[in-house]
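>
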Amino acid sequence: MDRFLPFEWIAALRFLREGRMQTALIIIGVAIGVGVIVFMSALLTGLQANIIRRTLSAQAHIVILPPEEAPRVQRALHPATALTVVQPQAQRLQSIDQWQSVRSMLQAMPEVTAVSPIASGPAFAQRGEASRAVTLIGIEPEHYVRVIALADKIVAGRLRLTSNDVVIGTELASDLGAEIGDKVRISTASGGQSVLSVTGIYDLGAKTVNLRNVYVALRSAQSLLDLAGGVSSIDLTVAHLFDAEDIAQRISGRTGLTADSWIHTNAQFVVALRAQTLSNSLIRFFVGLSVAFGIASVLVVSVVQKTREIGILRAMGASRGQMLRVFLIQGGLVGCGGSLVGAALGLGFATLFRTFARNADGTPLFPIQLDYSLYLWAALLASLTGVIAAVMPARRAAKLDPVVAIRG
1 MDRFLPFEWI AALRFLREGR MQTALIIIGV AIGVGVIVFM SALLTGLQAN IIRRTLSAQA
61 HIVILPPEEA PRVQRALHPA TALTVVQPQA QRLQSIDQWQ SVRSMLQAMP EVTAVSPIAS
121 GPAFAQRGEA SRAVTLIGIE PEHYVRVIAL ADKIVAGRLR LTSNDVVIGT ELASDLGAEI
181 GDKVRISTAS GGQSVLSVTG IYDLGAKTVN LRNVYVALRS AQSLLDLAGG VSSIDLTVAH
241 LFDAEDIAQR ISGRTGLTAD SWIHTNAQFV VALRAQTLSN SLIRFFVGLS VAFGIASVLV
301 VSVVQKTREI GILRAMGASR GQMLRVFLIQ GGLVGCGGSL VGAALGLGFA TLFRTFARNA
361 DGTPLFPIQL DYSLYLWAAL LASLTGVIAA VMPARRAAKL DPVVAIRG
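Counting from 1, one number per residue, gives the positions in the sequence shown under UniProt numbering.
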């Protein structure tokens, strides 16, 4: 096969074969480095995805609200006093003006994947002597489930909302002692009251949400909250989560309404995510740096050990460029071989960890996300690192004077 290969490849392969122990050790080192990068990246990516999924399980990507009422300026009673008092206006429950037109505009935006009108406000849920303050949420189930997967979170009954139905959380059901088919009285500050039948009990994974949120049909909420066909907010989801803030600002600019994205609402959480991403990048950088130094050190030793052979090749007509390429090829081959072994090692360890490291309920102990593009990225990075690490030894080999090298 050697006769079909260029001179540089033949020399590089023979040098690697002659130093089998060194070659094997550096390939193992590269493989361990790549394996660590692959496993840690899969673990941290899966952890981030799981945290985001849990955070947004009961929250829309963007919430459209009516504009806040302007503060009321209250002048001082004494005419000689120049000071004025700016008193915040009490925020009453408002409806979004022409919300049907706003919904149509949102649905026409290519970035928006789902839109759901909401009528919500404070209320009390009562059954017998038990009473709890809740948030009454009126929805259109066929639209709302595309924003919040409420139907998938039903643990008893079903998501059915007619004018006489209500769906409550597990915590509230426990506090009220309510089960499927029981009657719950809902009353609001505007004087609306209704006795509704519990048709479903949900668990969204957050105790506060399970205790506070009470779902009824949109028209029922409009009647109870005295919104007269209006909605208090519009929930929507977008195709790309981290574009939510930019999209919210555009919507606010076009409509004059308040648009709060999940990024704005969970600012501290997003900061923590960015810190985690930075730590992942630092791990990759330092592991890659250690791999580069390992390859470079082995090739420097190889140049020293092969000084006489390099001198003979130069005396036989090998050019400086050819000797440079010989050691660059060695670095690339070591990086590529180590990356392939490391990618397989990281994939195997991640698969074993996801299969056998589980909680008592059978769920994975840590959510590991296997993204096969990551393995290709790690392999290409390791190969490139090998070539870059070989530059210094390759230049040293290319600069050797053949006469001095042969004399030793």
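C-beta atoms are modelled at their ideal positions from N, C-alpha and C, and glycine is treated no differently.
1) Note the first and the last residue of the continuous alpha helix (DSSP H) segment covering D182.
2) Can you give me the start and stop residues for the alpha helix (DSSP H) that P393 sits inside?
3) Note down the Cα distance separating L328 from I310, rounded to an integer number of angstroms.
4) Give the range of the alpha helix (DSSP H) segment to which D260 is assigned.
5) Given a cut-off of 9 Å, decide if R254 and L324 are closer than it, judged by their beta-carbon atoms.
6) By how many angstroms is the C-alpha of Q107 removed from the C-alpha of I186?
7) I need the boundaries of the alpha helix (DSSP H) containing A357, first residue and last residue.
8) Excluding five sequence neighbours on each side, which residues of the same chain lie with their C-beta closer than 8 Å to the C-beta of A58?
9) For A397, which option in T307, F7, S339 and S383 has the closest C-alpha, if you only look at C-alpha atoms?
10) Just mark H240 as buried or exposed, buried being the case when its beta carbon has 16 or more other beta carbons within 10 Å.
11) Go to S232, then tell me how far its alpha helix (DSSP H) extends in each direction, as first and last residue.
12) Whole angstroms is fine: what's the gap from L16's alpha carbon to G317's?
13) Among the candidates Q268, L5 and L43, whose CA atom is the shortest distance from the CA of N280?
14) Can you tell me whether I180 is buried or exposed? The criterion is at least 16 other CB atoms within 10 Å of its CB, across all chains shown.
15) Which residue's Cα is closest to the Cα of L370: N359, L400, A343 and L381?
16) Considering just the uninterrupted stretch of the alpha helix (DSSP H) at V36, what are its terminal residues?
17) Run through the DSSP bridge pairs and tell me what N201 is partnered with.
18) What does the alpha-carbon distance come out to for the pair I368 and V36?
19) To the nearest angstrom, report how far apart V403 and V303 are at their CA atoms.
20) Can you give me the Cβ contacts of I154 inside the same chain, cut-off strictly under 6 Å, excluding the 5 residues immediately before and after it?
21) State the beta-bridge partners of Y215 as determined by DSSP.
22) Would you call the CB atoms of A31 and S339 closer than 9 Å?
23) Among the candidates T355, S232 and A379, whose CA atom is the shortest distance from the CA of V341?
Let's see:
1) No alpha helix (DSSP H) contains D182, which DSSP labels as neither H nor E.
2) V391 to K399
3) 14 Å
4) Careful: D260 lies outside any alpha helix (DSSP H), inside the beta strand (DSSP E) at T258 to S261.
5) no
6) 32 Å
7) Neither: A357 is in no alpha helix (DSSP H) and is coded neither H nor E.
8) I148, L204, G205, A206, V209 and N213
9) T307
10) Exposed is the call here.
11) No alpha helix (DSSP H) contains S232, which DSSP labels as neither H nor E.
12) Approximately 22 Å, taken between the alpha carbons.
13) L43
14) Residue environment for I180: exposed (fewer than 16 other C-beta atoms within 10 angstroms of its C-beta).
15) A343
16) R20 to T55
17) The sequence as given places Ile at residue 201; Asn does not occur at that position. Beta-bridge pairing links I201 to A156 and I168.
18) Taking the straight line joining both Cα atoms gives about 14 Å.
19) 16 Å
20) G200 and Y202
21) I137 and V167
22) yes
23) A379
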